[in-house]
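Accompanying notes for the structure given below.
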């Protein structure tokens with residue numbers, strides 16, 4: 009655990025004496041022939057720009073994205089944005105005992121609480137084949153990775169433990185749908201919800217940054233998950249073929265449309281429920297985070313967000329009514 | 009209330025002495041020169057084909073879709089489908105005291121229970137402007153129509169009280185999203201959920217059949233709802249402009265995409281939550297009903313369903329495993 | 009009225025002693041540590057780049073887009089483009105008696121002449137309900153805004169009085185269609201043409217720059233217009249419901265396709281005429297302006313124009329034939 | 009000229025003693041083993057169904073679509089539609105002196121008047137190269153075909169002289185655009201308007217019915233027109249290359265989008281004007297005709313029209329207001 | 009082997025005494041109350057319509073699609089199409105020793121020759137891991153199924169041995185591409201070509217008719233193939249991970265686009281080669297067969313073919329030139 | 009022929025004394041007020057960046073894209089990319105006897121060998137009309153241009169002789185398809201393959217750089233080719249009309265889809281074969297070149313390639329297996 013203030017708690021003129029991770033780094037030469045280093049440095053709460061004009065020989069030669077550096081300097085403001093005026097910068101040493109992992113963004117939810125919830129959901133599965141399958145998969149190293157992985161590279165739940173948080177949301181949404189529709193097979197649907205994104209633990213690397221792996225790009229998390237689950241069912245005696253095909257269909261179809269990379273579209277009531285629950289959890293998380301990180305103090309609108317194909321609006325409750333007793337929005 | 013067995017409880021060789029509604033009617037001449045009447049007759053639970061070869065003079069001359077007829081005859085089976093062999097048929101008389109409304113499909117949920125739930129949701133709104141708005145709109149004739157209307161012509165929740173049932177589902181889904189995301193403005197989102205489809209009470213007629221009205225076709229339920237809510241907010245003193253615009257934005261954007269007839273796309277966190285909650289409620293209901301009404305005994309697959317762009321599968325739990333302790337699917 | 013030469017009449021080496029409006033402004037630091045101000049300055053006829061190296065303390069601190077500045081300097085040429093070499097720059101004072109409005113681009117057509125034409129068109133409506141409606145709406149502050157508003161932010165008729173100019177064009181095109189097709193209801197169609205874009209007076213702000221308002225982004229000009237016209241018809245006794253629905257349908261469907269943000273597609277002969285007339289007026293204006301402002305002296309082609317999805321060509325008549333007696337193109 | 013009443017003037021129980029053209033013909037056998045002939049017979053004003061039960065040996069053996077027959081019988085009504093009860097039918101003899109051409113639908117505009125208008129438009133072209141080109145092309149057999157051809161197989165201006173009528177409309181629309189925009193090259197644009205659809209005289213056959221030719225299907229009217237005009241310009245000395253390319257570009261791009269079979273999109277101001285003028289003329293004509301031929305007495309809506317992707321509405325002015333002094337719509 | 013003339017060699021008035029398979033069957037009642045059986049009967053070379061008016065009690069009760077029947081009767085012509093006038097019909101008995109398999113369409117290429125070619129292609133693979141993998145997969149029951157399977161249900165190579173024929177074509181096309189581009193990894197590409205459609209042996213059933221299996225609909229042949237190959241590589245020691253991922257990528261991406269159900273798009277040179285080779289082999293086969301089976305004697309055009317989104321043309325060489333020394337087209 | 013080492017053979021610290029062509033040139037002023045020239049210089053094998061700080065007066069004033077310059081200096085490495093440190097630079101003089109053509113990229117295949125192959129393919133055509141047509145077209149200046157032209161501006165076969173190389177590939181692919189399908193008309197298909205892209209010799213200029221001509225942009229190579237071939241067939245007596253239309257159809261439809269600028273879609277078996285063969289040749293060439301020029305030493309992935317809509321992967325055989333006996337990929 010790092011003994012330093014989070015970046016997002018600092019203000020103009022605050023002093024920096026921090027370990028930070030390199031998010032972007034580029035050596036540039038000014039047209040006057042002077043070299044400088046243009047960087048973006050961050051911790052798990054924020055990222056700030058920093059241009060370094062002196063004493064960057066070591067960093068320029070050996071520093072790369074994902075490396076941890078020790079930085080001293082000052083927070084300054086430049087055209088409405090905070091940035092770091094660097095006094096000194098050097099690569100972290102082994103003896104510093106810091107890891108890039110400590111700088112990745114993390115879910116705001118408590119991990120142990122989420123794991124406890126998840127374990128209870130597994131126990132709620134009454135079908136013996138499915139229960140066995142879930143216990144086999146959600147164990148050992150796979151379970152550990154599942155609990156740590158982000159649910160995406162940058163769009164939604166793109167933080168450590170994000171996959172677990174996202175999966176729990178979908179489980180609860182699906183349970184609500186089972187209340188509305190007792191005809192839905194709860195065991196099948198909840199098992200599918202738990203397993204649908206398990207392939208992301210191999211599609212993404214999340215040790216020092218969130219990046220697609222070669223396997224992730226060539227195969228994709230949907231087929232990776234298919235293979236993991238298919239192989240595991242083969243180890244379970246008496247796993248009904250129809251049940252297996254329906255479970256695998258949930259995994260394959262959970263992105264809902266061929267053009268979203270699902271090789272089959274949802275063809276069962278459970279499959280359409282899982283797809284729509286996934287959309288709901290993902291989109292609301294993504295929009296909330298985009299609004300949170302993009303809205304500036306001088307506007308209630310974000311820049312244009314490509315994945316939403318629009319700019320987004322923050323409902324500024326304070327301006328619109330003097331006596332709103334409600335929760336505040338994004339404050 | 010009709011004192012007769014529901015059609016969906018009858019089997020081959022059962023006798024018919026029923027009031028039924030005309031769903032389709034066409035006078036045909038055989039190529040041998042003989043006239044006959046090809047019809048589809050139903051009650052609120054099912055529809056059956058019936059070709060009538062004798063004694064249809066009155067019906068042929070004056071019967072039209074939506075009219076109630078008194079039919080005697082027998083249930084027979086023809087190539088795997090049940091149909092009615094008509095012995096006699098005549099138009100219902102005023103003295104029969106039956107109405108086409110009695111033959112429209114209805115929600116399986118209890119109306120009073122749904123209204124009670126809905127009223128409690130209104131009471132949960134703490135913002136005074138919104139609370140006032142909801143009370144004004146959900147009252148009198150508008151509220152009555154809202155409680156009776158279907159949520160669609162044929163695809164999802166296409167039955168009497170369907171709009172209320174659908175709205176309640178969306179409210180609950182949105183409440184769950186508010187649990188996940190305290191940043192969401194609950195009052196705004198739940199109010200938007202309640203009002204988003206209110207325009208359907210004018211877009212559709214649902215007295216004797218579910219049809220689009222002229223206004224429905226020329227204006228559409230989204231803009232109708234916009235106008236209803238906008239007019240009503242104008243009657244409330246101090247209704248904050250920013251709140252009004254955000255609420256109206258929820259209504260306008262709730263179909264999520266321009267090509268789905270929303271004139272604006274969702275631009276707030278509440279708007280994306282409402283859109284995705286609507287999709288979830290609508291699609292699962294639609295798929296469940298399509299599977300329910302289309303799957304035959306000799307296949308686990310429906311015909312091709314145009315709105316799903318695929319055929320749909322019924323997970324036949326009985327065949328796949330001897331000891332499934334779960335709920336049955338669509339049985 | 010400003011007593012200074014229009015920017016588009018100046019050439020290389022001409023002296024500048026002008027009030028200009030700030031179109032873009034960005035404070036930059038050279039890599040050698042020197043600050044400078046990168047700006048775009050313009051009047052209603054043109055915009056030029058200007059980098060300012062000295063004496064910009066006041067502007068950098070308080071100047072923002074839309075502000076008027078007093079500039080002295082020289083026009084110079086840089087790689088084929090004219091730009092301003094700034095000698096001095098300061099913010100305009102109240103005593104200078106200049107307004108950002110004086111710097112917005114304006115229609116080349118005479119305003120009074122356009123208003124006169126428009127009034128005659130209103131008088132040509134013989135249906136009493138429609139005539140009354142038009143007189144009510146095109147009066148007072150609404151009429152004033154309508155006469156000043158641009159028809160768009162940047163694509164077509166994007167200048168002061170542009171909405172009025174665009175509306176007049178559509179009226180005349182629709183009148184021609186009524187000559188071809190006496191079956192068209194002229195009163196309905198011309199009224200629809202007059203009202204179709206009235207919502208733009210609230211969708212856009214056009215005091216110091218052309219920007220979308222919050223209401224414009226959340227609601228959009230189509231639904232704003234719908235509401236304005238619907239409310240106004242309610243004040244007219246005996247306004248036939250069928251007529252109202254058809255008129256409102258013209259407004260809602262005038263962008264022709266759902267994906268262009270019309271919530272309904274054109275379903276009447278008048279609606280398709282209005283949509284296509286709108287397209288014709290808008291596209292020709294947009295292409296003409298794009299060609300006019302983009303074609304350089306060394307090429308008959310513009311850069312790639314995203315909204316046209318192509319580069320555009322200027323037919324250079326002088327090169328192609330010695331004795332063309334025709335009008336010149338874009339000269 | 010046929011000495012018989014037009015079909016669209018006849019009513020129930022009127023006697024038929026007419027030459028008519030076969031529009032559809034199919035020999036069917038009843039399931040009782042009886043043969044009958046199912047046909048659609050028409051003149052230039054309408055088409056009616058007719059099933060023939062006796063005396064059709066000759067027709068069945070030798071009659072085909074486009075042939076003229078002599079029919080006696082009675083108009084009868086069947087489920088709201090008029091049809092012909094045939095008493096006798098036989099193929100027309102040469103001595104009858106009738107031609108299938110006499111039964112094709114025709115423009116309601118006077119041919120001589122249209123030709124006179126068109127000739128004046130040619131004379132208005134002042135560019136010598138273009139004037140010469142137009143005189144060469146619009147002469148002899150080509151001009152005769154141009155004056156007779158329909159502008160389409162079934163969608164818009166799908167009647168004899170339709171191409172000329174359509175072309176005149178576009179010319180007038182383009183002239184109006186030249187009034188708005190003096191920068192447009194009038195000679196170029198009007199010449200392009202005249203020539204843009206000339207390829208239809210080879211794409212379609214219109215002697216006995218409107219059908220695509222082999223060349224029409226394999227090459228298409230756009231490229232056919234390109235070739236005709238390109239070849240003709242080569243015969244004119246001093247035809248400027250830039251002018252030729254711009255004129256040909258108008259022809260190639262006049263359908264506006266690649267997916268509408270234009271091999272290039274409009275890249276000049278004249279090209280976008282021609283495309284949008286074509287759309288305006290075509291769509292209004294098509295919608296008007298679809299409404300005219302599809303709306304029944306018991307509804308103000310047509311069936312679903314695939315090319316419009318909607319059903320269409322007839323504004324029924326009589327119902328909506330007692331005192332409309334306007335032109336009637338489609339009556 | 010059936011001792012009877014192929015259907016496609018018979019002409020009008022020929023006698024039938026054949027075993028045929030039922031392709032369609034429907035019991036209908038005439039409007040005069042008479043039952044008859046509407047069927048389509050075929051062998052591996054053709055299918056003909058046959059309506060049966062007498063003696064069909066057994067067939068109507070027990071016959072279904074895919075069953076073999078013994079039929080006597082005569083070939084007759086009806087409106088340009090041949091059909092069967094049935095004298096007698098009965099279900100085949102076990103003692104008849106006929107199987108539905110004998111009636112499925114078959115590749116015109118010799119099976120043994122194709123297998124020999126295929127084996128030689130396997131032997132040409134020099135990479136040891138890939139060679140071992142191919143030998144393992146193309147053996148035993150899997151190889152037998154692979155040699156028998158069609159490549160599709162109805163569009164291309166939709167006949168017994170069609171998958172083998174299609175695979176051989178793709179191999180040869182890919183070999184040609186390797187000649188053009190020595191940079192392509194031949195072993196990888198040819199192995200991918202061999203394996204890309206192997207999943208079709210489980211996606212389709214082809215014993216008595218070509219139908220999708222439940223697994224085929226829920227999982228799809230792409231993922232089935234992925235799983236087969238992935239499992240098999242796991243049995244091979246030292247199978248390089250990078251090679252495995254690249255091979256599996258070929259399988260997953262071979263339909264080229266997400267909307268064609270590939271969960272990843274081609275990302276390597278080999279992958280794009282395989283996709284385009286597959287398209288080439290499939291489309292030419294499909295168009296050729298569609299032209300072959302659809303063109304009638306009175307036209308050089310087929311009906312509209314949905315999968316080609318056009319009607320297709322047969323180049324009738326005989327009509328176009330007296331002295332063409334070339335191969336004839338589709339004769 | 010230039011007597012200098014190819015750029016792609018040079019390494020860090022190598023001396024430059026080369027004629028090179030200007031690919032990009034931009035005069036910039038540093039923020040410290042110092043001018044410098046930012047350029048990209050290349051020969052036919054590569055392009056390198058070069059910023060020039062001194063002695064560029066002449067180049068800055070008169071140099072433009074496509075000009076040849078004489079450069080001395082050193083190769084240096086900057087952040088993993090090689091660039092040129094310029095010591096001196098001046099425009100080439102006429103006496104230097106160098107031409108921009110010498111710097112355009114060229115096919116790696118031998119021109120004479122390709123021409124010999126092509127001539128043999130022409131001789132293989134047995135249809136007299138087609139043989140005559142091909143001999144007429146592939147002669148003189150047209151043939152010379154055809155042999156020199158690139159097949160595209162930048163995507164595939166974008167180098168001198170690329171059109172000939174691409175055409176030969178398609179011919180061979182089509183010959184293979186004729187082996188699979190004897191029903192295809194070989195003469196027609198091979199002639200179509202030879203002629204399909206002939207219009208590119210007028211669509212593109214390729215003297216000093218690859219650019220679209222005005223005619224290329226306004227007409228496009230498909231219609232240019234149509235016109236060339238159509239005109240030429242008119243000179244051949246007895247050229248059968250059906251053959252001509254089918255040949256022209258191959259040219260017009262060879263881009264396969266309307267949205268790819270073909271004015272008709274493929275409607276014959278030969279047309280679909282040509283389209284798919286073109287796709288295969290083009291895509292594999294394009295992907296190979298994109299991988300070749302984009303993959304860096306530190307990654308097996310290219311940047312995102314817009315025309316492929318993905319990043320591309322280089323299968324790095326060396327890393328994946330110690331004993332691959334195969335050809336190397338892109339090395």
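Chains as they are written, first to last, in my numbering: chain B, 9 to 339; chain F, 9 to 339; chain C, 9 to 339; chain Z, 9 to 339; chain A, 9 to 339; chain E, 9 to 339. Glycine is no exception: its CB is placed at the ideal position from the N, C-alpha and C atoms.
| Check | Outcome |
| --- | --- |
| Go ahead and pull the three-state DSSP assignment for residue 101 of chain Z. | coil |
| Could you check what DSSP says for residue 6 of chain E in three-state terms: helix, strand or coil? | The question about residue 6 of chain E has no answer here: the residues shown for chain E are numbered 9 through 339. |
| Spell out the partners DSSP gives residue 29 of chain F in its beta bridges. | F:50 and F:76 |
| For residue 321 of chain E and chain B, any beta-carbon pair shorter than 8 Å? | yes |
| With contact counted as at least three CB pairs below 8 Å, one residue from each stretch, are the stretch 116-128 of chain C and the stretch 167-184 of chain C in contact? | yes |
| Taking a Cβ distance cut-off of 9 Å, strictly less, list which residues of the stretch 216-250 of chain F are near chain Z, in chain order. | 222, 225 and 226 |
| Could you list which residues in chain A have their beta carbon closer than 7 Å to that of residue 118 of chain B, in chain order? | By Cβ distance, chain A contributes nothing, its closest Cβ being about 35 Å from residue 118 of chain B, past 7 Å. |
| At which residue ranges does the stretch 137-223 of chain B contain complete alpha helix (DSSP H) runs of 4 or more residues, listed in the order of the chain? | 148-156, 170-188, 194-203 and 208-211 |
| Check distances from the C-beta atoms of the stretch 124-148 of chain B to those of chain A and list, in chain order, the residues that come in under 8 Å. | none |
| Look at residue 164 of chain B and residue 294 of chain B and say whether their C-beta atoms are less than 8 Å apart. | yes |
| Once DSSP output is grouped into helix, strand and coil, what is the label at residue 12 of chain B? | coil |
| Quick one, are the C-beta atoms of residue 196 of chain B and residue 281 of chain B less than 8 Å apart? | no |
| For residue 81 of chain E, I'd like the list of residues in its chain whose CB is within less than 6 Å of its CB, leaving aside the five on either flank, ordered along the chain. | 24, 92, 93, 94 and 95 |
| Starting from residue 56 of chain A, trace the beta strand (DSSP E) both ways and give me its first and last residue. | 55-60 |
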